[in-house]
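A.B. asks:
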Amino acid sequence: MLLPVIMAGGSGSRLWPLSRQLFPKQFLPLTGEQTMLQETCARLDGLDHQPPLIICGDDHRFTVAEQLREAKEGHSGIVLEPAGRNTAPAVALAALRATTGGESDPLLLVLAADHVIRDVAAFQDAVNKAIPHAEQGKLVTFGIVPTGPETGYGYIRRNADSGDTAFAVEEFVEKPDLATAEQYVASGDFYWNSGMFLFRASRYLEELKAHRPDMLAACEQSMTGAAIDIDFVRPSQESFLACPDDSIDYAVMEKTRDAVVVPMDCGWSDVGSWSALWEVSDKDDNGNTARGDVILQDSKGCYVQSDSKLIATVGLEDVVVVESDDAILVAAKDRVQDIKKVVNQLKAENRSEAQVHRKVYRPWGFYDSVDAGDRFQVKRIVVKPGAKLSLQMHHHRAEHWIVVSGTAMVTNGDKEILVTENQSTYIPLGVTHRLENPGSIPLELIEVQSGSYLGEDDIVRFEDQYARV
């Protein structure tokens, strides 16, 4: 049986302003109603598989758990990478987790959480064709049948005489220039490198031991010292930080003698830019993609997306316009790769627009920063039924809470009080407090903070059901 391993890390800066460091593209509904992570899980339906094992960073753990819960998707655990070390160590953590106790040795289907696949049946057909080869000890990579001379992807060259459903890998090649890409496509022996793999867990660990024993040793030490935190597996940070940074391709696939490639023609894209998203999106007769409240007049080949405000375009061609809750992007479609420069500038200026959205999701619900000024900040807070925030206090701010709907159970110092619709309470600076929703409907309230410092790091937690103390 397959054990899908879904890699849900990464910052996705090329799809700013919707994708942010703490809420990257894999958690966004870019091509449909579901998020990319949810779509990745959904396309497994029809395959004989265990619930997926998710790999992500600590900052994204609650987002992953909540999106799986919303989609009613089970999982075999959420492994939290202590730091980004590329794909080879991430998959090593998954393989070690999958073989813990030595009682199982599943086939690992390694997938990225941020890919678009239009033809799910073709995807599943390729996976099923790859299974016998993986069961025989081969390390399978999936090569996307190219639709044109793409310069933004790496390529895999096959040995055309070596098989039928799977071909021996001759070489992995870096992103080519246009002339070289045209030669690759014309030859018929090259595929786009999808970054998807299938192999037995033990075979991957054997190859890693042969070619990168230093990496395997660090991962083994890290998993030996792993802690279980609710649904999360926390490898030892100290051991993992000693792990080298490398991809599966470089660490294993380019070195093993058992690499094979299975062709896959499934409408695949890694959605690495707004222009790539435009290419895989539905378009009108003028080649425009419009999402949200959008009016297009005499515009061609544009991608326009609105989160909340009306966007109207007149006489534009090959332009990307994207509005989020706190930023607007306007870019020429052939210059969208330079968006990373904007994000780098935002980071250099320590601006929040590089990190988070105005609306920030937490395990208990979310908050939306409505307004802010000198010594005050206003937030709309929504708490899920049965959820509660940590028992906490602040050194630099006081808070006023006004309940808009639902009922709040408020711990305020040594008192517990119920606050209902149109009622309010005041939390003085330095007082221990907690907010809880004891009801069966969402609790919505307005919070007004006042004080000398209003940052999210001015929180001292004493108790927390989400292990954030």
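Numbering (my numbering), first residue to last: 1 to 469.
Even glycine gets a Cβ: it sits at the ideal position worked out from N, Cα and C.
From a predicted model like this one, the values you see are computed outputs, not experimental measurements.
(1) Contact check, Val-314 vs Val-330 under 8 Å by CB: the rounded distance?
(2) Cβ atoms of Ile-131 and Gly-143: under 8 Å apart, would you say?
(3) Comparing C-alpha positions only, which one of Arg-461, Ala-290, Leu-15 and Asp-265 sits nearest to Asp-125?
(4) By Cβ distance, which residues of its chain are closer than 6 Å to Ser-222, with the 5 residues on each side in sequence left out?
(5) Please report the residue range of the beta strand (DSSP E) in which Pro-132 lies.
(6) I need the straight-line Cα distance from Gln-26 to Leu-418, nearest angstrom please.
(7) Beta-carbon within less than 6 Å of Gln-377's beta-carbon, same chain only, minus the 5 sequence neighbours each way: which residues are those?
(8) On the three-pair Cβ rule with 8 Å, is the segment 95-102 touching the segment 268-279?
(9) Going by alpha carbons, who is nearest to Gly-439 out of Glu-456, Ala-408 and Glu-447?
(10) Which residues mark the beginning and the end of the beta strand (DSSP E) in which Asn-344 is found?
(11) For the alpha helix (DSSP H) that Arg-61 lies in, which residues bound it at each end?
(12) Going by CA-CA distance only, name the one from Asn-437, Leu-107 and Asp-231 that's closest to Met-1.
(13) Provide the residue span of the beta strand (DSSP E) that contains His-211, from first to last.
(14) Taking the runs of the alpha helix (DSSP H) that are 4 residues or longer, which of them lie wholly in the segment 9-61?
(15) Please give me, in chain order, every unbroken run of the beta strand (DSSP E) with length at least 3 that falls completely inside the segment 135-182.
(16) Can you give the beta carbon distance from Arg-203 to Asp-246, rounded, assuming they're within the 8 Å contact cut?
(17) Rounded C-beta distance between Ile-6 and Ala-113? I'm assuming under 8 Å.
(18) Looking at Val-262 and Val-140, is the spacing between their C-beta atoms short of 8 Å?
(19) To which residues of the same chain is Val-370 closer than 7 Å at the C-beta, ignoring the five residues directly before and after it?
(20) Does the Cβ-Cβ distance between Gly-77 and Asp-231 come in under 8 Å?
(21) Rounding to the nearest angstrom, what Cα-Cα distance links Ala-332 and Lys-300 in this structure?
(22) For the segment 393-400 against the segment 418-435, do three or more pairs of beta-carbon atoms, one drawn from each stretch, fall closer than 8 Å, so that the two count as touching?
(23) Go ahead and pull the three-state DSSP assignment for Leu-277.
(24) Got a sec? Which residues, its chain only, sit under 8 Å from Leu-178 by beta carbon, not counting five neighbours each side?
(25) Measuring CB to CB, does Ile-55 end up less than 8 Å from Ala-90?
(26) Between Ala-94 and Val-79, is the Cβ-Cβ spacing less than 8 Å?
(27) Are the Cβ atoms of Gly-365 and Ala-387 separated by less than 8 Å?
(28) Can you tell which of Arg-434, Asp-458, Thr-87 and His-395 has its C-alpha closest to the C-alpha of Asp-414?
(29) Expressed to the nearest angstrom, what Euclidean distance is found between the alpha-carbon atoms of Ala-242 and Glu-416?
(30) Using a Cβ-Cβ cutoff of less than 6 Å, which residues in the same chain neighbour Gly-46 once the five nearest sequence positions on both sides are dropped?
(31) Hey, Leu-3 and His-49 are a contact pair by Cβ (cut 8 Å); roughly how many whole angstroms apart?
(32) Do you know how far the Cα of Glu-66 is from the Cα of Leu-216?
(33) Could you give the residue range of the alpha helix (DSSP H) that holds Pro-89?
(34) Using the Cα positions of Asp-473 and Phe-199, report the straight-line distance between them to the nearest angstrom.
(35) Return the chain-ordered list of same chain residues with a C-beta closer than 7 Å to the C-beta of Lys-340, the five sequence neighbours on each side being excluded.
(36) Using the beta-carbon count (16 or more within 10 Å), is Thr-289 buried or exposed?
C.D. replies: Checking against the coordinates, here is how it stands:
(1) The Cβ separation is near 13 Å, so there is no contact.
(2) no
(3) Asp-265
(4) Pro-235, Ser-236, Ser-239 and Phe-240
(5) No beta strand (DSSP E) contains Pro-132, which is instead part of the alpha helix (DSSP H) from 120-135.
(6) 38 Å
(7) Gln-449 and Leu-454
(8) no
(9) Ala-408
(10) That residue, Asn-344, is in no beta strand (DSSP E); its alpha helix (DSSP H) goes 339-348.
(11) 61-70
(12) Leu-107
(13) Taken as a continuous stretch (DSSP letters only), His-211 belongs to no beta strand (DSSP E), being part of the alpha helix (DSSP H) at 201-211.
(14) 36-42
(15) 139-144, 155-158 and 167-173
(16) Not confirmed; about 18 Å, so no contact.
(17) 5 Å
(18) yes
(19) Val-378, Lys-379 and Arg-380
(20) yes
(21) 12 Å
(22) yes
(23) helix
(24) Pro-149 and Thr-151
(25) yes
(26) yes
(27) yes
(28) Arg-434
(29) 47 Å
(30) Gln-124
(31) 7 Å
(32) 31 Å
(33) 87-98
(34) Not covered by the structure: residue 473. The range shown for the chain is 1 to 469.
(35) Ser-13 and Arg-14
(36) buried
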